[in-house]
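Structure first, commentary second.
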Amino acid sequence: MNETSQGRVAIIGNGPVGQTAALLLARWGIPVTVLDGRPERDLVGSKAICQQQDVLDVWEAVGAGKRIAAEGLTWTKARTFYRDTELFSYDLPDPGKSCLPPFVNISQARTEEVLDERIAAGPLIDVRWNHPAIGIEQHEVGVEVHCATPDREETVTADYAVVCAGARSDELRRALGVSFDGHSFDDRFLICDIRADLPDWAHERRFYFDPEWNPGRQVLIHPCPDSTFRIDWQVPSDYDLAAEQSSGALNARIRAIIGDRPYEIVWQSVYRFHSRIADRMRVGRVLLAGDSAHLVSPFGARGLNSGVGDAENAAWKLAFVLRGWAGEELLESYHAERHAAARENIEVTTATMDFLVPQDDAQRRRRRDVLERAAHDPAARPEVDSGRFAEPFWYVDSPLTTPDPSRPFAGRPPRGSAPDPAPGVIVPDFPITVAGSATRLREVARDGFLLLATHDVDHAALHAATAAPVRVLALDDTAAGALGARPGEVWVVRPDAHVAAVLTRPTTGDIAAALRRATAAVSTPQPTP
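With this note's numbering applied, the sequence shown covers 39 to 567.
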């Protein structure tokens with residue numbers, strides 16, 4: 039993993055998704071050129087603030103996760119209100135299995151700074167600002183990205199490209215023949231990041247349905263580091279921020295929430311939600327990731343978190359192809375897996391937006407009924423939809439996954455819980471010992487394929503012939519219990535910590551077959567788009 043490959047990948051877009059893809063590729067020894075149209079990093083505003091544990095884990099693989107977690111803030115109580123009544127609140131459980139919190143609130147700008155520092159610390163990533171990509175061409179052996187720099191038009195060549203240029207990637211999508219179907223919501227949302235002394239609110243998230251100071255609409259309040267609070271108001275489609283500032287109405291809007299306390303506006307913006315998805319996330323040698331490939335409403339924090347999932351999926355597969363460990367057919371599984379993840383995010387966030395912004399009378403009646411019942415009927419509370427928190431996607435239907443009939447996938451679990459470990463599911467994190475040193479499973483699961491074997495398995499049968507890096511780790515009884523492993527089992531874990539297969543007393547041929555399938559080296563049925 040430390041040797042440098044002769045191949046190169048161009049990353050178009052230097053936001054968190056592009057940064058993550060670049061860092062992970064460099065970790066695999068792949069040189070990267072990162073292109074961004076901006077003159078420099080614009081470190082303003084909270085933007086995407088909520089980074090979940092599995093994303094922190096990805097960033098820790100490149101030396102950034104624990105630092106971002108340490109600087110971020112994890113709220114522990116969620117409170118939900120309807121008008122002037124608190125419907126319910128719940129405390130977030132601490133599973134205590136990982137050194138990383140379940141999520142942190144931290145500004146996207148600060149996350150980008152930390153990732154920039156990791157990029158600068160290594161030799162394999164060439165960052166070029168003032169390089170807006172205006173076109174992309176593919177050839178049999180590579181791609182050409184055409185950039186309109188301030189001085190001249192410049193062409194950057196690479197073996198493959200990943201488009202992470204954000205929502206405004208229309209020109210590149212058109213060049214690739216990719217559609218971006220979906221719809222946009224009429225209502226706007228006003229964000230204000232304010233700095234104020236609100237110690238009682240420092241570790242709780244507040245969601246208000248139809249408060250008297252924003253009648254008929256919603257307000258969401260998130261605590262952030264440094265006594266900063268992000269407030270999101272749903273506002274009408276014709277909302278005028280400048281007019282509200284000049285009239286003093288913006289100050290009154292903030293005062294209605296925080297009272298007479300002193301405050302400072304750190305950043306403010308008005309935005310509109312979109313629900314869109316590219317019809318293809320792989321076009322030949324080009325992969326689309328993050329907001330270039332899908333847009334969802336932010337309730338549930340599924341935008342950036344899902345984009346990092348795209349970046350990790352793309353990075354290990356591009357690295358395997360460039361290093362000769364897998365054929366180019368592995369790249370098609372990027373579309374199969376991440377398009378399915380994007381469709382699920384669209385489904386989840388569309389249901390949330392239909393509850394927050396009802397589209398017809400039937401939806402409005404249902405929402406009112408649920409909210410009025412939730413104050414006194416605990417059974418109604420799960421129906422109150424202010425956003426299902428981001429979670430990793432489970433590749434149970436992936437062409438790379440070997441099914442296990444004894445571990446059927448029961449579908450999306452209740453909010454706040456994860457499915458039992460099984461093929462397609464990301465492995466849980468728990469302490470393990472490797473070569474006499476204490477570590478954790480997720481820390482050793484991203485250096486290639488990992489075979490986790492119970493103590494009664496013949497380890498001599500596990501060394502299947504394969505070009506890809508494969509390690510074998512014996513599970514003690516405690517680790518096997520945490521994973522849910524049964525006697526005689528071998529768990530095949532992918533380089534992105536997802537389970538590719540669970541095999542019972544496998545032969546060398548069984549192991550080889552599972553690895554071939556997990557690298558798309560065998561023909562398997564493709565999922566329906």
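A virtual CB, placed ideally from N, CA and C, is assigned to each residue, including glycine.
Environment of residue i [buried if 16+ CB atoms lie within 10 Å]
{"i": "Pro461", "result": "buried"}
{"i": "Tyr246", "result": "buried"}
{"i": "His377", "result": "buried"}
{"i": "Ser475", "result": "exposed"}
{"i": "Pro443", "result": "exposed"}
{"i": "Lys85", "result": "buried"}
{"i": "Leu553", "result": "buried"}
{"i": "Ser371", "result": "buried"}
{"i": "Asn143", "result": "buried"}
{"i": "Trp113", "result": "buried"}
{"i": "Tyr301", "result": "buried"}
{"i": "Gly338", "result": "buried"}
{"i": "Tyr635", "result": "A question about residue 635 goes unanswered here, because the residues of the chain that appear run from 39 up to 567."}
{"i": "Ala46", "result": "Contrary to the premise, residue 46 reads as Arg rather than Ala in this sequence. Classification of Arg46: buried, given that the 10 Å Cβ count is 16 or more."}
{"i": "His221", "result": "exposed"}
{"i": "Asp92", "result": "buried"}
{"i": "Tyr433", "result": "buried"}
{"i": "Ala287", "result": "exposed"}
{"i": "Ala518", "result": "buried"}
Counterpart residues of residue i in DSSP-defined beta bridges
{"i": "Arg244", "result": "Arg117, Ile259"}
{"i": "His184", "result": "Gly173, Thr193"}
{"i": "Leu111", "result": "Asn143"}
{"i": "Leu228", "result": "Trp271, Val308"}
{"i": "Arg509", "result": "Leu488"}
{"i": "Val530", "result": "Leu489, Ala539"}
Helix, strand or coil at residue i [DSSP, three-state]
{"i": "Thr71", "result": "strand"}
{"i": "Ser285", "result": "helix"}
{"i": "Gly220", "result": "strand"}
{"i": "Glu350", "result": "helix"}
{"i": "Glu358", "result": "Note that residue 358 is Phe in the sequence shown here, rather than Glu. Of the three classes helix, strand and coil, the one that applies to Phe358 here is helix, per DSSP."}
{"i": "Ser127", "result": "strand"}
{"i": "Val495", "result": "coil"}
{"i": "Trp66", "result": "coil"}
{"i": "Trp251", "result": "coil"}
{"i": "Arg426", "result": "coil"}
{"i": "Asp164", "result": "strand"}
{"i": "Ala502", "result": "coil"}
{"i": "Thr58", "result": "helix"}
{"i": "Gln91", "result": "helix"}
{"i": "Ala199", "result": "strand"}
{"i": "Trp239", "result": "helix"}
{"i": "Ala48", "result": "strand"}
{"i": "Ala448", "result": "coil"}
{"i": "Ala234", "result": "strand"}
{"i": "Lys85", "result": "coil"}
{"i": "Gly103", "result": "helix"}
{"i": "Pro416", "result": "helix"}
{"i": "Pro565", "result": "Confidence at Pro565 is low in this model, with a pLDDT of 39, below 50, so the placement of that residue is unreliable and no value is reported for it."}
{"i": "Leu438", "result": "coil"}
{"i": "Ala379", "result": "helix"}
{"i": "Glu78", "result": "coil"}
{"i": "Gln401", "result": "helix"}
CB-CB length for residue i against residue j, believed under 8 Å
{"i": "Trp354", "j": "Asp534", "result": "6 Å"}
{"i": "Glu150", "j": "Leu81", "result": "7 Å"}
{"i": "Leu111", "j": "Leu138", "result": "About 14 Å; that fails the 8 Å criterion."}
**Item:** Length at least 4, wholly inside the stretch 465-491: the alpha helix (DSSP H) runs in chain order
**Value:** 479-482
**Request:** Write down every uninterrupted run of the alpha helix (DSSP H) in the stretch 260-346 whose length is 4 residues or greater and which is fully enclosed by it, in chain order.
**Result:** 279-285, 287-296
**Prompt:** Hey, which unbroken runs of the alpha helix (DSSP H) at 4 residues or more fall wholly within the stretch 532-563?
**Reply:** 546-556
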